[in-house]
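A.B. asks: Position 186 of the sequence shown, counted from 1, bears residue number 186 in the UniProt record's numbering, the numbering being contiguous throughout. We treat Cβ as the ideally placed atom computed from N, Cα and C, and that holds for glycine.
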Amino acid sequence: MGSEGPKAITIHVTGFKKFLGVSENPTEKIASNLRSYVGKRGLPSGLSLGSCTVLETAGEGAKSLEIRTSVELLFGGATKFAIERQAMNEAHFRCPDQLGWQPQTSCSILKLLKKKGFDVVEPDDAGRFVCNYVYYHSLRFAEQKGQKSLFVHVPLFSKINEDTQMQFVVGFVCYLSPNMHKSKVFNELDSPSIFCRTSIISGYTGNGMRHMMDRLFILSLIGILMVTAYGVAAKMVYTDLDILEKLENFDIPEDDADDYDTKLFDWPSFTSRSSGKNLVNVDTFGAAGDGVSDDTQAFVSAWNKACGMPKSVLLVPQGRTYLVNATKFNGPCETKLVIQIDGKIVAPDEPSNWDPKFQRIWLEFSKLKGVVFQGNGVIDGSGSKWWAASCKKNKSNPCKSAPTALTIESSSGVKVTGLTIQNSQQMNFIIARSNSVRVSKVMVSSPGDSPNTDGIHITGSTNVVLQDCKIGTGDDCVSIVNASSNIKMKKIYCGPGHGISIGSLGNNNSTGIVTNVVLDTAFLKETTNGLRIKTYQGGSGYVQDVRFTNVQMQDVSNPILIDQFYCDNPTSCQNQTSAVKISQIMYRNITGTTKSEKAIKFACSDTVPCSHIVLNNVNLEGRDGQVEAYCNSAEGFGYGVIHPSADCLYSHDNKGLDQSYKSEPEMVTEEAETGHDEL
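If you want it as structure tokens, here you go:
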């Protein structure tokens, strides 16, 4: 375009009817009603409305562009008005093209629209695959023709009413059109706005969409005002696209408040009124802190004192080691209790001397509300003799239950930050039957060959957030079992261990329910599994609404695994028809290397198949050769790069379980509610 704008501008509008499974398509009404709308309100001088067309579907309804254009304005569906500033090349895993470029554009109209009262956002990318694809190629097409292109998302009418949407579209066009030659509108477009110099999408061989790529997205070349469809194309996925939107957008709220965090300094005694806190030091109650003397009673006395006073700080001092036997620290306590662990707490190392009343616990805290555990201290389970005596390590040993190092039981509003939990006798840290628990900057460490030493085990709990945790164990880094929901894991390091697991569920024909689980950003190194859902035959219940996203793996076995034939009992498991239902599971941005030939395994029940499994940008390479996907009774779809190809997922393959595939025993026996039955 030259330095001066055209004297007369005609706007051509294209919309689409709704796709299958979508309750509405706002572009259909916008295109149909725009002429009437502007007829009543008028347009600025030099601006006129041309054709208003509504097409049937993206592929079958597409028409050739016969009108010479200067600017393409694309509209798609979202939950807010969104001025998209760039498009990603999702065909190559959101990577730049072969020349290292990514197309992007920027538009100063964003500030104007916000001033007009519209709730407008500027996302990092255009979102779903179809939107990125359309925008990416419209940008390239526009560059070839010496034109400009901009993509705008508009919400459904159920989110923002029709009148507001019409005002937005008309206002947008009225502002953009007379100024489209000015750099203040496209303020980065004086230099080449489209940096992709070559076409990088040659079809989707291997992700289940290759049969429609020849005509699916021709719509991206239509019109100066382009109104695209909401969601993804109907024949591409399910009829119910709400599931995809839900999986892409749902999240678990995080509480970043530090209301209870306490900074300690030198207090002259166990109480300090001037600070507003009541300091309760275990040393004051007779704790020796030499790692040899039994300090259990001193800890109990200090607990009773701190629990009974508001704004108390129970202090385990730095530089000292405290030997504490199995103990239950029960609430409820007075408000704003802080447990400051700066020293080291160790368990007795001899299993034969363990109190039989506490076979499953070492340190248990129950019935607490609004309590903070913090500090740089260590909780050490001294588990080596327990592991050596395990029947999992030596079959000649009797199988016995073993304690968990730290348990938070029947509590709410609890925060745990900064601590190290290590060498547990069995599980390291259990969160049981609790609500609103935040765990951050916690390190969990046990040897990779220590049996049943789950890192963080969540059971019967809701609204749990694990963040910035480093976990290395002999079992699952994180395990989530029955009656757990709203679980978020963020920035998790896992290795060694058995990966991130939901389950096991359904053992002994039990019911297992896990919903709303998010893993966002994780690194797994040399684990025996990656992202795993495991259920026994014969169980009931469901696992639903799970999203694993932004996960990098290094030499991980079984990177993506759903196993509904899981069996880890001492005797073989019988074939049964009932099963825990698994549905609405998303794997997004999963990359790395694997030791396994089958990088993706969906071994689902023949009678209760897995459904609505979504893969988005999965790229797993074999360390020692080619990798493949395996599916049994699994139904879903993928978009973006999917490697290895998961065609078996889209074809609804019901060929029966490959007899060469069996769940590999982990020498672990789990209890549905709390943990492992025995060592």
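Three-state secondary structure (DSSP) at residue 694?
C.D. replies: What is shown of the chain runs 1 to 679, which leaves residue 694 out entirely.
A.B. asks: Terminal residues of the continuous alpha helix (DSSP H) containing residue 34?
C.D. replies: Segment 26 to 41, the alpha helix (DSSP H) holding residue 34.
A.B. asks: Starting from the Cα of residue 470, find the closest Cα among 415, 299, 456 and 602 and give me that residue.
C.D. replies: If we check each option's Cα against that of residue 470, 456 comes out closest.
A.B. asks: What would DSSP say about residue 162, mapped onto helix, strand or coil?
C.D. replies: Here residue 162 sits in helix by DSSP.
A.B. asks: Give the range of the alpha helix (DSSP H) segment to which residue 306 is assigned.
C.D. replies: Its alpha helix (DSSP H) spans residues 296 to 307.
A.B. asks: Closest to residue 411 by CA distance: which of 405, 434 and 425 is it?
C.D. replies: Of 405, 434 and 425, the residue nearest in Cα terms is 434.
A.B. asks: Once you ignore the five residues that flank residue 329 on each side, which residues in its own chain have a CB closer than 6 Å to its CB?
C.D. replies: Closer than 6 Å at the Cβ level, and outside the excluded window around residue 329, lie 303 and 365.
A.B. asks: Restricting to Cα atoms, I'd like to know which of 441, 305 and 532 is closest to residue 279.
C.D. replies: Looking at the Cα atoms, 305 is the closest of the given residues.
A.B. asks: Considering just the uninterrupted stretch of the beta strand (DSSP E) at residue 599, what are its terminal residues?
C.D. replies: First-last of the beta strand (DSSP E) with residue 599: 598 to 603.
A.B. asks: With a CB to CB cut of under 6 Å and the five nearest residues on each side skipped, what residues in its chain are close to residue 440?
C.D. replies: Closer than 6 Å at the Cβ level, and outside the excluded window around residue 440, lie 417, 467 and 468.
A.B. asks: From 426, 641, 308 and 299, pick the residue whose C-alpha is nearest to that of residue 349; which is it?
C.D. replies: That would be 426, whose Cα lies nearest to the Cα of residue 349.
A.B. asks: Going by other Cβ atoms of all chains shown within 10 Å of its Cβ, with 16 needed for buried, is residue 351 buried or exposed?
C.D. replies: Buried, because 16 or more other Cβ atoms sit within 10 Å of the Cβ of residue 351.
A.B. asks: What residue range is occupied by the uninterrupted beta strand (DSSP E) comprising residue 688?
C.D. replies: With the chain covering 1 to 679 only, the question about residue 688 has no answer from this structure.
A.B. asks: Whose CA, out of 626, 569, 284 and 475, lies closest to the CA of residue 299?
C.D. replies: When each option's Cα is compared against that of residue 299, the closest is 284.
A.B. asks: Quick one, are the C-beta atoms of residue 554 and residue 592 less than 8 Å apart?
C.D. replies: A contact, by the Cβ cut-off of 8 Å.
A.B. asks: What does DSSP give as the partner residue(s) for residue 417 in the beta ladder?
C.D. replies: In DSSP, residue 417 forms a bridge with 374 and 440.
A.B. asks: Please state whether DSSP places residue 362 in a helix, a strand or coil.
C.D. replies: Of the three classes helix, strand and coil, the one that applies to residue 362 here is strand, per DSSP.
A.B. asks: Give me the residue from 550, 603, 396 and 587 with the minimum Cα distance to residue 566.
C.D. replies: Measuring from the Cα of residue 566, the nearest candidate turns out to be 603.
A.B. asks: Just reading off the beta strand (DSSP E) that residue 534 is part of, what are its end residues?
C.D. replies: Start and end: 531 to 535.
A.B. asks: Does the beta carbon of residue 307 come closer than 8 Å to any beta carbon on chain D?
C.D. replies: The structure shown contains no chain D; it is built from a single protein chain.
A.B. asks: On the CB-based measure, 16 or more other CB atoms within 10 Å of its CB, does residue 640 come out buried or exposed?
C.D. replies: Label assigned to residue 640: buried.
A.B. asks: What are the boundary residues of the alpha helix (DSSP H) that residue 385 is part of?
C.D. replies: Taken as a continuous stretch (DSSP letters only), the alpha helix (DSSP H) holding residue 385 covers 384 to 388.
A.B. asks: For residue 341 versus residue 377, is the C-beta spacing smaller than 8 Å?
C.D. replies: Against a cut-off of 8 Å, the Cβ pair of residue 377 and residue 341 comes out as a contact.
A.B. asks: Thinking just about the alpha-carbon of each residue, which of 54, 343, 462 and 552 is nearest to the one in residue 484?
C.D. replies: Residue 484 has its Cα closest to that of 462, out of 54, 343, 462 and 552.
A.B. asks: Applying the criterion that 16 or more other CB atoms from any shown protein chain within 10 Å of the CB defines a buried residue, is residue 15 buried or exposed?
C.D. replies: Residue 15 comes out buried.
A.B. asks: Would you kindly report the start and end of the unbroken beta strand (DSSP E) that includes residue 549?
C.D. replies: Unbroken beta strand (DSSP E) run through residue 549: 540 to 556.
A.B. asks: Mind pulling the alpha helix (DSSP H) runs of 4 or more residues that sit fully within the stretch 561 to 644?
C.D. replies: Qualifying alpha helix (DSSP H) stretches: none in this window.
A.B. asks: Between the stretch 567 to 586 and the stretch 472 to 490, are three or more C-beta pairs nearer than 8 Å?
C.D. replies: The stretch 567 to 586 vs the stretch 472 to 490: no contact.
A.B. asks: Just tell me which of 542, 616 and 429 has its CA closest to the CA of residue 452.
C.D. replies: When each option's Cα is compared against that of residue 452, the closest is 429.
A.B. asks: By how many angstroms is the C-alpha of residue 594 removed from the C-alpha of residue 624?
C.D. replies: Residue 624 and residue 594: Cα-Cα distance of roughly 8 Å.
A.B. asks: CA-CA distance, residue 520 and residue 359?
C.D. replies: Taking the straight line from one Cα to the other gives about 35 Å.
A.B. asks: Going by alpha carbons, who is nearest to residue 38 out of 406, 400, 163 and 296?
C.D. replies: That would be 163, whose Cα lies nearest to the Cα of residue 38.
A.B. asks: If you follow the beta strand (DSSP E) that residue 337 is in, where does it begin and where does it stop?
C.D. replies: Residue 337 -> no beta strand (DSSP E), and no H or E assigned at all.
A.B. asks: Hey, how far is the Cα of residue 707 from the Cα of residue 525?
C.D. replies: Not covered by the structure: residue 707. The range shown for the chain is 1 to 679.
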